[in-house]
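Q: One structure, pasted below without further comment.
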Amino acid sequence: MKSATENVPSDGQFTLKVEDLWVTYLAERGKVKAVRGVSFTLRPGETLAFIGESGCGKTTLGLSLIRLLPSTAEVEKGHILYRRDTEVMDVLQMNDRELRQFRWKECAMIFQGAQNAFNPVLRIWAQVLDTARSHGVTNKKEIRQRMEDLFRLVQLEPERVLRAYPHQLSGGMRQRVLIALGLLLKPPLVILDEPTTALDILTQRSVIDVLRDIKEKMDFSLILISHDLSLAAELADRVATMYAGKLVEVANVWDTYYHPLHPYTVGLIHAVPTLAGEREELISIPGSPPDLIDPPKGCAFHPRCPYATEKCRTEEPPLIPVAQDHEVACWHWQQVQEDGGQRMMVYSEAKAG
Amino acid sequence: MSSFWQNVRRTFRLLTYNKVGFIGLLGVIFFILLSFVGPYVVPLDTQTKVDKIYQPPSSEFWLGTDSEGRDIFSQIVHGGKDVLVVAFLAGFISTTIAVLFGSLSALAGGWVDNAIMALADIVLTIPQFPLLAVLAGLVKFNNVTLLALILGVLSWPALTRAIRAQVLSLREREFVEAARALDLGTRHIILKEILPNMMSYIAINLIFAMTAAIYAQVGLVFLGLVPFSGSNWGVMLSLAWTRGAIFYKGSLWYIMAPVAAIALFQLSLVSFTRLLEEIFNPRLRTSV
Amino acid sequence: MTTTSLAQSTPSRRFDVLYWLRRLSRNFILRRVLMALAKIYVVITLTFFIVRLMPTNPIEAYVNELIDQYGFTYQEARDQAAALYGIDLEASLWTQYLEYMKNLLHGDLGTSYRSKGTPVAKMIAKFLPWTLFSVGVSLLISFTLGMLLGMIMAYRRGSVLDHVLTTIASIFSSIPNYLVGMMILVFLGVQWKIFPITKMRGAMSPGMKPELSWAFIKDIFYHATMPILTYVLTTIGGWMLAMKSNTINTLGEDYVTVAKARGLKESRIITSYVGRNASLPLFTQLAISIGFIVGGSALIEFIFVYQGVGQLLLNSINYRDYPVMQGVFLVITIAVILANFLAEFVYGWLDPRIRVQ
Amino acid sequence: MTQHTNGVLELVHVERTFKVGRRFVRVLDDISFSIGKGDILCLVGESGCGKTTTGKIVAGLLPPTGGEIRFLGQNVWEMNKEEFRHYRRAVQIIHQDPYSSLNPTQRVSTILTAPLLRHGIARNHKEAKEKALELLRIVDLTPPEDFYNKYPHQLSGGQRQRVSVARALTVNPEFLVADEAVSMLDVSIRVSLLQMLERLRNQMGVAYLFITHDLAVAKYFAWEGRIAVMYLGRIVEIGPTPQIINNPRHPYTKALLSAIPEADPKATRSKERVHLRSLDVPSLLNVPSGCSFHPRCPLYEAGLCDATVPQLVDVGDGVQVACHVVAREQGVA
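Here is the structure:
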């Protein structure tokens with residue numbers, strides 16, 4: 002918890018500060034501990050990406066930020082502090098009215114699978130109006146003007162799109178409509194959950210370019226949640242790597258990709274093939290992610306880690322700052338730094354062979 | 008030996024996994040025993056006893072007596088067999104037709120598909136109960152099989168359409184494609200790949216077809232459109248109705264006994280369907 | 030992609046409308062109407078032969094009745110019957126069929142054998158409104174109420190209310206409706222005397238004039254109370270359970286989550302996002318259930334002595350009154366087909382995805 | 096690099112149309128390629144380009160509506176029963192979705208022993224079991240006894256894909272059609288599956304038709320083989336993988352490669368983009384005239400590209416490209 006606060010710039014500015022967040026799901030076999038004590042700070046105007054594989058808790062984390070968890074989930078403890086100007090509020094303490102106003106006006110969350118993000122029986126315009134009216138904006142002309150501007154920004158024809166039903170738009174178009182709609186109320190915070198999954202390459206590219214473009218033109222903080230490491234590489238200022246419900250490494254984008262210090266991040270980065278140049282050797286991380294109903298003692302990654310020692314099996318490593326803009330939760334990060342993650346690669350080959 | 012008991016315990020746990028379904032199963036077993044074993048234990052009371060008309064339940068007459076002083080319980084015991092047999096036969100016939108026609112329609116395609124679907128469409132358009140009411144005239148005295156046949160032959164179209172849709176979607180599934188690539192043969196694909204994935208659906212629909220058959224046959228018998236006589240829940244209903252259930256307070260047990268028997272059997276069947284899902288789904292089967 | 034200016038797009042859109050109209054008439058509506066007509070024709074033909082295949086013809090039926098009820102000798106009964114009917118049942122089936130079809134094309138449903146000379150159309154006109162009235166009102170009540178309760182159950186799923194309603198719904202939807210009718214009659218009418226059943230018989234009180242007055246409306250609702258109660262009780266469970274599961278599915282849809290994330294008012298989400306989408310599939314089921322209930326109305330109308338088409342059908346079957354039987358079949362078939370059309374229309378109107386395809 | 100002189104499996108001018116409503120949609124047009132023993136051919140392209148249909152035609156699950164598919168020089172759809180059976184068993188398919196590619200009602204044991212017993216590869220159940228356990232070991236599901244009696248739902252996505260591969264291996268195939276076989280798996284699992292497939296090629300000489308939308312995966316897996324880039328039912332460029340990836344010629348290939356984001360912040364942010372003239376993908380119901388890429392192509396020349404369909408021509412380095420402009424510049428038009 003302390004460490005997260007230390008990373009905030011000296012003036013103490015932040016848009017969002019999450020402290021020791023725990024979220025569980027009720028499953029038939031028991032409680033799934035999906036998010037286990039996550040703390041981080043989102044600075045004004047920055048893009049923070051959460052990466053990790055399926056089941057690591059990143060989507061749960063995203064949903065809990067705007068309290069949209071399914072009814073089977075529960076926030077066990079923690080704080081989600083949101084700051085606007087001088088006012089700081091805890092999202093988890095908001096009443097229904099405050100929460101409704103917080104959603105979209107303060108924090109717009111753009112979901113994965115925008116294929117299905119719109120009510121199929123209402124025209125886009127009706128859904129735009131719904132959104133605006135719910136937040137007290139009733140001037141139709143003004144809404145229309147703003148929406149048309151936003152649509153042009155995301156390279157859509159305003160006339161046609163506003164009149165259309167969702168099914169008349171392609172997947173890429175719908176994704177861009179949702180992004181534009183997300184910016185309608187000029188929220189200071191935007192969360193993108195897998196914004197390009199299921200889109201074709203060229204469409205995906207146009208969405209990425211649109212995101213980068215609006216990020217430059219408008220002033221908001223962005224949280225990006227994705228399993229796709231290349232998307233984070235494109236857009237993020239800082240990257241938070243999640244494993245088994247915890248943040249294992251939080252670093253600026255360059256450190257994450259070129260000098261990762263957590264063995265898991267090392268494995269993840271080296272599992273993705275790149276396009277340029279010769280064929281490189283890739284590694285796969287042996288074993289599989291732990292069962293979050295009964296996560297392993299100590300560091301959750303230790304059963305798959307070549308650096309693991311007795312300490313890793315018993316004591317949980319805290320997320321500690323190790324350099325400017327670089328935090329890592331590993332007892333042996335110095336070893337990783339020394340050998341550049343070599344042991345991880347050798348280990349993976351040995352296991353695969 | 009121990010593995011035998013293990014299996015027994017596992018089966019029991021599986022059956023009791025869904026409480027409502029298990030109660031339904033017990034109900035179904037109860038009615039089967041009552042109707043098929045009961046008659047050997049409880050003799051049918053046919054003796055008119057003028058002094059014992061419309062008696063309330065007692066230790067002698069568990070469910071009271073009817074308008075001629077006869078034991079209602081013995082009539083219930085003897086009156087279930089035909090109802091159950093017709094229900095099962097009709098359900099079986101319509102489900103079989105539906106599975107055959109539905110799969111054929113989906114797998115053959117072309118004109119066969121068109122013909123079957125057109126036929127189903129027409130049968131669905133004819134008002135069901137009125138048509139049954141007319142066709143019931145063909146049923147000779149107490150002819151259970153013919154009644155079941157008529158009921159079964161008229162109630163396949165809805166399920167046929169559903170089965171066809173299921174087969175069409177299953178046929179496109181990747182594991183079926185893999186089976187084709189492995190050259191496992193049409194027989195294997197139908198019997199081992201497609202059918203097992205529809206079993207719970209088919210079983211559940213068999214039960215629902217049975218309840219529909221009960222609805223129709225009892226209704227027809229009650230209206231006097233099928234010349235059934237003797238002990239049969241439907242006949243009991245009809246007799247109780249015409250002999251004063253709507254006038255005389257004392258006839259409550261006479262009319263309510265068959266009503267309750269039919270209603271409870273229907274309820275048991277419907278509840279039982281909840282268990283079928285679990286029995287046929289390996290996901291649930293392995294988790295208990 | 031070129032952008033068309035507004036001036037250009039207007040005429041082309043008008044052309045589009047014409048084009049679509051033409052396509053629609055050529056493909057959709059006309060084809061549906063032709064299909065419907067074909068179905069009606071097949072049903073007429075089938076029933077024509079089926080009713081005539083029934084054992085005992087109208088005369089025998091009457092003869093049997095005279096002997097049974099009035100103690101006539103066979104010869105007396107036979108003479109009486111022949112005099113009353115005066116019809117030629119000896120003509121070949123084929124000739125009868127052609128004759129019937131010819132009359133039907135002129136809109137003539139024939140005349141009843143039994144109530145000699147009474148046009149079938151007139152009899153149906155007398156009985157049908159009551160069935161449509163009782164079934165229509167019941168469906169309206171059970172459909173709207175069922176949807177409402179279903180949504181409440183979905184929103185409160187897992188609660189005591191949900192369990193209680195689910196149990197009641199499952200019980201009432203699995204018991205045959207005529208048994209429920211009997212129970213209502215026996216308990217509410219005979220045992221507890223809440224309903225004065227002899228007064229409530231029939232479709233309206235004797236001497237009541239059909240007119241648009243409060244007294245008349247009150248009277249017909251009074252007489253239809255028990256049938257309506259029965260229909261509602263036995264159908265509402267189905268709607269509740271269907272709506273509950275649809276609502277639960279819809280609540281899991283992305284667009285509902287997104288609507289919440291957009292900060293929409295809960296009331297708006299419940300009505301326009303959840304309710305509207307969850308109820309869509311129910312409209313197709315509505316058509317099916319209309320057919321089922323009208324077809325099965327005979328039992329309920331028999332129990333409550335309610336003069337609807339079901340009663341008419343039963344009587345005609347007993348008398349082997351062929352023209353009336355066929356008339357009833359025809360009317361019910363048309364009702365079912367019309368209901369299907371209506372459901373499709375409503376569905377298309379509610380769901381833009383269907384509209385375009 | 097493997098040289099493929101005479102392909103064991105050949106597609107010759109294959110065309111495939113489907114009936115949609117009353118119209119015919121041409122999903123594949125003039126597809127020709129050949130795959131030899133131990134070859135890897137990677138089909139890449141966006142959704143709707145026809146790569147899955149090509150895979151099904153290669154696996155004999157779908158007959159072409161034009162052209163021929165030949166196995167050992169013989170037209171597959173004119174074979175006699177015995178020959179067809181041989182071909183059918185020689186080409187197996189691995190699907191994308193690990194959740195629908197295994198029958199949920201069958202245990203792994205049934206899934207693996209059914210083909211073994213049916214084709215007499217194992218004479219009895221005991222032998223079939225032994226063989227099945229061996230196959231599980233080959234696909235790295237060890238110890239095999241742990242997996243033999245499991246139902247698919249008790250396995251993870253990666254394990255299911257391995258069972259799919261083991262099932263395909265039951266009939267000792269010479270070719271595997273892998274249709275997006277790794278795209279639904281998590282990255283850390285993906286590589287080990289690819290490595291396993293590669294090992295099968297090295298040890299058993301299995302050839303691959305590897306279908307993917309992910310060019311980086313294609314590069315990794317097919318480095319020693321070839322890549323064919325498809326667009327709207329046609330092959331627009333085909334050649335050795337290093338050539339296609341590092342020296343693309345066709346404007347569509349270039350556009351694709353420049354558009355793909357990479358897990359390398361510096362590289363991906365400084366990449367030069369090819370700007371297309373339109374973002375809209377034409378519908379297969381309405382394929383543009385001439386070169387179907389012309390409405391989006393940055394090299395578009397009126398009167399040339401929209402007039403005639405470009406044919407694949409050799410442009411050196413073993414690469415063939417279907418583009419008028421590129422062909423002219425290479426002086427091979």
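Chains as they are written, first to last, in the working numbering: chain A, 2 to 354; chain B, 8 to 295; chain C, 30 to 386; chain D, 96 to 428. We put the beta carbon where it would ideally sit given N, CA and C, even for glycine.
Is it true that the CB of arginine 305 of chain C sits closer than 8 Å to the CB of leucine 217 of chain C?
A: Residue numbering aside, residue 217 of chain C sits at position 188 when the third sequence is read from its first letter. Residue numbering aside, residue 305 of chain C sits at position 276 when the third sequence is read from its first letter. No, the pair does not count as a contact, with Cβ atoms beyond the cut-off.
Q: Using a Cβ-Cβ cut-off of less than 8 Å, give me the residues of the segment 117-140 of chain B that come near chain C, in sequence order.
A: Asp128, Ile129, Thr132, Ile133, Pro134, Gln135, Phe136, Pro137, Leu138, Ala140
Q: Using a Cβ-Cβ distance cut-off of 8 Å, determine whether glutamine 102 of chain A contacts chain C.
A: Within the first sequence, the letter at position 101 stands for residue 102 of chain A. Yes, glutamine 102 of chain A lies at the interface with chain C (some Cβ there is under 8 Å from its Cβ).
Q: If I measure Cβ to Cβ from tyrosine 251 of chain C and keep anything under 7 Å in the same chain, skipping five residues before and after, which residues do I get?
A: Residue 251 of chain C sits at position 222 when you count from the first residue of the third sequence. Excluding positions up to five away in sequence, the list reads Met229.
Q: CA-CA distance, alanine 327 of chain C and glycine 337 of chain C?
A: Translated into the one-based positions of the third sequence, residue 327 of chain C becomes position 298. Translated into the one-based positions of the third sequence, residue 337 of chain C becomes position 308. Roughly 8 Å separates the two Cα atoms.
Q: Mind listing which residues of the segment 251-262 of chain B have their C-beta closer than 9 Å to chain C's C-betas, in chain order?
A: Ala252, Ile253, Phe254, Tyr255, Lys256, Ser258, Leu259, Ile262
Q: Taking glutamine 127 of chain D as part of the beta strand (DSSP E), name the residues at either end of that continuous run.
A: Locating residue 127 of chain D in the fourth sequence gives position 32, where the first residue counts as 1. One detail in the question is off: residue 127 of chain D reads as serine in this sequence, not glutamine. Unbroken beta strand (DSSP E) run through serine 127 of chain D: 118-130.
Q: In angstroms, rounded to a whole number, what distance separates the CA positions of isoleucine 257 of chain C and tryptophan 268 of chain C?
A: In the third sequence, the residue the question calls residue 257 of chain C occupies position 228. In the third sequence, the residue the question calls residue 268 of chain C occupies position 239. Rounded to the nearest angstrom, the two C-alpha atoms are 16 Å apart.
Q: Span of the alpha helix (DSSP H) holding aspartate 97 of chain A?
A: Counting from one through the first sequence, the residue named residue 97 of chain A turns up at place 96. It spans 97-106 - the alpha helix (DSSP H) in which aspartate 97 of chain A sits, taken as one unbroken run.
Q: Rounded to whole angstroms, what is the Cα-Cα separation between glycine 144 of chain B and leucine 232 of chain B?
A: Translated into the one-based positions of the second sequence, residue 144 of chain B becomes position 137. Translated into the one-based positions of the second sequence, residue 232 of chain B becomes position 225. Cα to Cα, glycine 144 of chain B sits roughly 6 Å from leucine 232 of chain B.
Q: Could you give the C-beta distance for phenylalanine 99 of chain B and leucine 213 of chain B, rounded to a whole number, given that I count them as a contact under 8 Å?
A: Indexing the second sequence from 1 puts residue 99 of chain B at position 92. Indexing the second sequence from 1 puts residue 213 of chain B at position 206. At roughly 7 Å, the Cβ-Cβ gap stays under 8 Å, so phenylalanine 99 of chain B and leucine 213 of chain B are in contact.
Q: Along the chain, where does the beta strand (DSSP E) that runs through alanine 209 of chain D open and close?
A: What you label residue 209 of chain D is simply residue 114 of the fourth sequence in a count that begins at 1. Careful: alanine 209 of chain D lies outside any beta strand (DSSP E), inside the alpha helix (DSSP H) at 203-213.
Q: Give the interface partners of lysine 131 of chain C over in chain A, defined as CB-CB distance under 7 Å, in chain order.
A: The count along the third sequence starts at 1 and reaches residue 131 of chain C at position 102. Per Cβ cutoff of 7 Å: no residues; lysine 131 of chain C is ~48 Å from chain A at best.
Q: Going by CA-CA distance only, name the one from D/Ala276, D/Asn381, D/Val266, D/Arg213 that's closest to glycine 150 of chain D.
A: Translated into the one-based positions of the fourth sequence, residue 150 of chain D becomes position 55. Here the closest residue by C-alpha is D/Ala276.
Q: Starting from tryptophan 23 of chain A and walking both ways along the beta strand (DSSP E), at which residues does that stretch end?
A: By 1-based counting over the first sequence, the position of residue 23 of chain A is 22. Tryptophan 23 of chain A -> beta strand (DSSP E) spans 17-28.
Q: Contact defined as beta carbons within less than 8 Å: I believe tyrosine 70 of chain C pairs with tyrosine 351 of chain C. What is the distance between those atoms, to the nearest angstrom?
A: The residue labelled residue 70 of chain C in the question sits at position 41 within the third sequence. The residue labelled residue 351 of chain C in the question sits at position 322 within the third sequence. Cβ-Cβ separation between tyrosine 70 of chain C and tyrosine 351 of chain C: approximately 18 Å, too far for a contact (criterion under 8 Å).
Q: For the alpha helix (DSSP H) containing histidine 327 of chain A, list its first residue and its last residue.
A: By 1-based counting over the first sequence, the position of residue 327 of chain A is 326. It is not in any alpha helix (DSSP H) - histidine 327 of chain A instead sits in the beta strand (DSSP E) that spans 327-329.
Q: How many whole angstroms separate the CB atoms of alanine 105 of chain B and isoleucine 170 of chain B, which I take to be in contact at a CB cut-off of 8 Å?
A: Counting from 1 along the second sequence, the entry for residue 105 of chain B is found at position 98. Counting from 1 along the second sequence, the entry for residue 170 of chain B is found at position 163. Yes, they are in contact, since the Cβ atoms of alanine 105 of chain B and isoleucine 170 of chain B sit about 5 Å apart, within 8 Å.
Q: How long is the line joining the alpha carbons of leucine 264 of chain D and arginine 296 of chain D, rounded to whole angstroms?
A: Translated into positions along the fourth sequence, residue 264 of chain D becomes position 169. Translated into positions along the fourth sequence, residue 296 of chain D becomes position 201. The alpha-carbon atoms of leucine 264 of chain D and arginine 296 of chain D are separated by roughly 12 Å.
Q: Please tell me whether serine 207 of chain A has its Cβ less than 8 Å away from any Cβ of chain C.
A: Taking the first residue of the first sequence as 1, we reach residue 207 of chain A at position 206. Look at serine 207 of chain A: its C-beta is not under 8 Å from any C-beta on chain C.
Q: For the segment 257-269 of chain D, which residues have a CB atom closer than 8 Å to at least one CB atom of chain A, in sequence order?
A: none
Q: Count the other CB atoms, across all protein chains shown, that sit within 10 Å of the CB of histidine 345 of chain D; report buried if there are 16 or more and exposed otherwise.
A: Position 250 of the fourth sequence holds residue 345 of chain D. With 16 or more Cβ atoms within 10 Å of its Cβ, histidine 345 of chain D is classed as buried.
Q: Closer than 7 Å by beta-carbon distance: list the chain D residues that pair up with glutamate 200 of chain B, in chain order.
A: Start at 1 with the first residue of the second sequence, and residue 200 of chain B comes out as number 193. Residues of chain D passing the Cβ test: Asn198.
Q: Residues of chain D with a CB under 8 Å from the CB of glycine 268 of chain A: which are they?
A: Indexing the first sequence from 1 puts residue 268 of chain A at position 267. Chain D residues near glycine 268 of chain A: Ser283.
Q: Give me whichever residues DSSP pairs with glutamine 169 of chain D in a beta bridge.
A: In the fourth sequence, counting from the first residue as 1, residue 169 of chain D sits at position 74. Beta-bridge pairing links glutamine 169 of chain D to D/Phe166.
Q: Which residues bound the beta strand (DSSP E) around proline 335 of chain D?
A: Here the question's residue 335 of chain D lines up with position 240 in the fourth sequence. From DSSP, the beta strand (DSSP E) with proline 335 of chain D extends over 329-335.
Q: Using 8 Å as the cut-off, can you tell me whether the segment 285-299 of chain D makes contact with the segment 307-326 of chain A, which would need three or more C-beta pairs spanning the two stretches below that distance?
A: Note that the segment 285-299 of chain D does not touch the segment 307-326 of chain A; fewer than 3 beta-carbon pairs, one per stretch, sit closer than 8 Å.
Q: Could you give the residue range of the beta strand (DSSP E) that holds methionine 243 of chain A?
A: Residue numbering aside, residue 243 of chain A sits at position 242 when the first sequence is read from its first letter. Segment 239-244, the beta strand (DSSP E) holding methionine 243 of chain A.
Q: Roughly how far, in whole angstroms, is the beta-carbon of aspartate 191 of chain C from the beta-carbon of methionine 182 of chain C, given that I think they are within contact range, below 8 Å?
A: Numbered from 1 along the third sequence, position 162 holds the residue referred to as residue 191 of chain C. Numbered from 1 along the third sequence, position 153 holds the residue referred to as residue 182 of chain C. Approximately 5 Å separates the beta-carbon atoms of aspartate 191 of chain C and methionine 182 of chain C; this is inside 8 Å, confirming the contact.
Q: Just how far apart, CA to CA, sit phenylalanine 224 of chain C and leucine 246 of chain B?
A: On the third sequence, position 195 is the one that residue 224 of chain C refers to. On the second sequence, position 239 is the one that residue 246 of chain B refers to. Their backbone Cα atoms lie some 23 Å apart in a straight line.
Q: Between the Cα of glycine 278 of chain A and those of D/Ala185, D/Ala311, D/Arg121, spot the shortest distance and give me the residue it belongs to.
A: On the first sequence, position 277 is the one that residue 278 of chain A refers to. Glycine 278 of chain A has its Cα closest to that of D/Ala311, out of D/Ala185, D/Ala311, D/Arg121.
Q: Nearest to serine 431 of chain D by CA position, among D/Ala362, D/Ser387, D/Leu380, is which residue?
A: The structure shown has nothing for residue 431 of chain D, since chain D only spans 96 to 428.
Q: At a Cβ threshold of 8 Å, is valine 375 of chain C touching chain B?
A: On the third sequence, position 346 is the one that residue 375 of chain C refers to. For valine 375 of chain C, the answer is no, since every Cβ of chain B falls outside 8 Å of its Cβ.
Q: Could you check which residue in A/Arg280, A/Arg206, A/Asn253 has the C-alpha nearest to that of aspartate 375 of chain D?
A: Numbered from its first residue, the fourth sequence carries residue 375 of chain D at position 280. Comparing Cα positions, the closest option is A/Arg206.
Q: Please identify, using Cβ separations under 8 Å, the residues of the segment 83-113 of chain A that lie next to chain D, in order along the chain.
A: none
Q: Chain A partners of lysine 289 of chain C, CB-CB under 8 Å?
A: As a position in the third sequence, residue 289 of chain C is number 260, starting the count at 1. Within 8 Å Cβ-Cβ: Leu69, Arg104.
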